[in-house]
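Asker: For reference, the structure I am asking about is given below.
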Amino acid sequence: MHFEAERTDGGYQMEIRMEAVTQWIPSGRRILDGVSFSAEEGRSTLIQGGNGCGKTILLDVLCGKRLPSEGSVTVDGEEWRAMSELKRGRLCRKLFGIVRQNPEFIRALTLEENLLLPLEFWGGGRAAGKRRVREEAETLGIGELLGQYPETLSVKEQRLAGLARALLLSPKFLLADDLLCGLTGEDREEMEEALRTVERRSGVTKIRTSGPEDLVCPGEERYRLENGRLYRWGMSNS
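Numbering-wise, my numbering puts 196 at position 13 of the sequence shown, and it's gapless, one number per residue.
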């Protein structure tokens, strides 16, 4: 299967395209209403909107964790819906690192043990996995926390740990869902710097969501999700 779209400069970039996606939720509400959007490798994106507007669902539909009620989502021309559940799941793990506002960890395991789980499950020796975990943790400033248990970590530290876990399998896209929500002062600045650091260092393409009032980072293409519709606001240069 071919997963890369040719660029005009002779290189290649991945493209995930949503076309006229409508999504209903069990309450009967239409949370997404004819949304069209493309995620392209190398293009950082911010999707803003209020609580409950559907930002998380939009990301889940984009990465294949949830199939749209109507419309289509394609990976370089092949539709998520046309793939088997197994193939869709494997491709989602290959392409996307996902970090939530409230990342889930196994409470009985240390942070290091939690972060090792995806690496051990998807192959590679334990020693190599531990080196990889420590590398990501130290890059994000949480290396000294690896021996602690998740419940002892602050909200910011848990989100940084979730960010580290999302990057361990070297995804092409990082889906960062409302990571700045509720953070203030130094905690917020550290999280913003962490997102900039991983984007520069790993080359991952960041697609993040935030509240409507959050600041736009330099170079982000900005969208607003409101009443189920997605509106493009333009590009930030500062």
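Just so it is clear, CB atoms sit at the ideal spot from N, CA and C, and this is done for glycine as well.
1. From Leu352, Glu375 and Ile208, pick the residue whose C-alpha is nearest to that of lysine 339; which is it?
2. At what residues does the alpha helix (DSSP H) containing methionine 374 begin and finish?
3. Under the three-state reduction of DSSP, which class applies to arginine 309: helix, strand or coil?
4. Closest to isoleucine 289 by CA distance: which of Arg249, Leu242, Pro301 and Leu350 is it?
5. Buried or exposed for arginine 348, going by 16 or more other Cβ atoms inside 10 Å?
6. Would you report the Cα separation of glycine 394 and leucine 299, rounded to the nearest angstrom?
7. Measuring straight from C-alpha to C-alpha, what distance separates glycine 232 and aspartate 360?
8. Which of the three DSSP states is assigned to phenylalanine 220 in this structure?
9. Measure from the alpha carbon of arginine 371 to the alpha carbon of each residue in Leu413, Leu343 and Pro354, then state which is nearest.
10. With H, G and I counted as helix, E and B as strand and the rest as coil, what does DSSP make of arginine 283?
11. Alanine 291 and glycine 254 - do their beta-carbons sit closer together than 8 Å?
12. Quick check: the Cα distance between valine 244 and glutamine 341, rounded to an integer number of angstroms?
13. If you measure between the beta carbons of leucine 241 and valine 218, is that distance less than 8 Å?
14. So valine 399 is in the alpha helix (DSSP H); what residue range does that whole segment cover?
15. Give me whichever residues DSSP pairs with serine 423 in a beta bridge.
16. From the DSSP output, in three-state form, read off leucine 351 for me.
17. For methionine 374, verify whether its CB is less than 7 Å away from any heavy atom of the ligand NAD.
18. Taking the CB atoms as reference points, tell me whether alanine 320 and glycine 326 lie closer together than 8 Å.
19. In or out: serine 421 buried (at least 16 other Cβ within 10 Å) or exposed?
Answerer: In short:
1. Mapped onto the sequence shown, residue 339 falls at position 156. Taking only the C-alpha atoms, the option nearest lysine 339 is Glu375.
2. Position 191 of the sequence shown, counting from 1, holds the residue named residue 374. Note, methionine 374: alpha helix (DSSP H), 368-385.
3. Numbered from its first residue, the sequence shown carries residue 309 at position 126. DSSP places arginine 309 in helix when its eight states are reduced to three.
4. For the purposes of this step, residue 289 is taken as residue 106 along the sequence shown, with counting starting at 1. Ranking Arg249, Leu242, Pro301 and Leu350 by Cα distance to isoleucine 289 puts Pro301 first.
5. As a working mapping, residue 348 is identified with position 165 in the sequence shown. Label assigned to arginine 348: buried.
6. Residue numbering aside, residue 394 sits at position 211 when the sequence shown is read from its first letter. Residue numbering aside, residue 299 sits at position 116 when the sequence shown is read from its first letter. For glycine 394 and leucine 299, the distance between alpha carbons rounds to 32 Å.
7. Indexing the sequence shown from 1 puts residue 232 at position 49. Indexing the sequence shown from 1 puts residue 360 at position 177. If I take the Cα positions, the gap works out to 11 Å.
8. Counting from one through the sequence shown, the residue named residue 220 turns up at place 37. In this structure, phenylalanine 220 counts as strand in the three-state DSSP scheme.
9. Counted from its first residue, the sequence shown places residue 371 at position 188. The shortest C-alpha separation from arginine 371 is found at Leu343.
10. Here residue 283 refers to the residue found at position 100 of the sequence shown. Looking at arginine 283 - three-state DSSP - the assignment turns out to be coil, as it is neither helix nor strand.
11. Here residue 254 is taken as the residue at index 71 of the sequence shown, counted from 1. Here residue 291 is taken as the residue at index 108 of the sequence shown, counted from 1. Contact flag unset, no.
12. Here residue 244 is taken as the residue at index 61 of the sequence shown, counted from 1. Here residue 341 is taken as the residue at index 158 of the sequence shown, counted from 1. Cα to Cα, valine 244 sits roughly 25 Å from glutamine 341.
13. The residue given as residue 241 occupies position 58 in the sequence shown. The residue given as residue 218 occupies position 35 in the sequence shown. In this structure, valine 218 lies closer than 8 Å to leucine 241 by Cβ.
14. Here residue 399 corresponds to residue number 216 of the sequence shown, with the count starting at 1. Per DSSP, valine 399 belongs to no alpha helix (DSSP H) and is neither H nor E.
15. Nothing about residue 423 can be reported from this structure: the residues present for the chain run from 184 to 421 only.
16. Numbered from 1 along the sequence shown, position 168 holds the residue referred to as residue 351. Three-state DSSP puts leucine 351 in coil, outside helix and strand.
17. This structure lacks the ligand NAD; in fact it carries no ligand of any kind.
18. Mapped onto the sequence shown, residue 320 falls at position 137. Mapped onto the sequence shown, residue 326 falls at position 143. A contact, by the Cβ cut-off of 8 Å.
19. Translated into the one-based positions of the sequence shown, residue 421 becomes position 238. The pLDDT assigned to serine 421 is 45, lower than 50, so where the model puts this residue is not dependable; a value taken from the coordinates is nonetheless given after this. That one is exposed.
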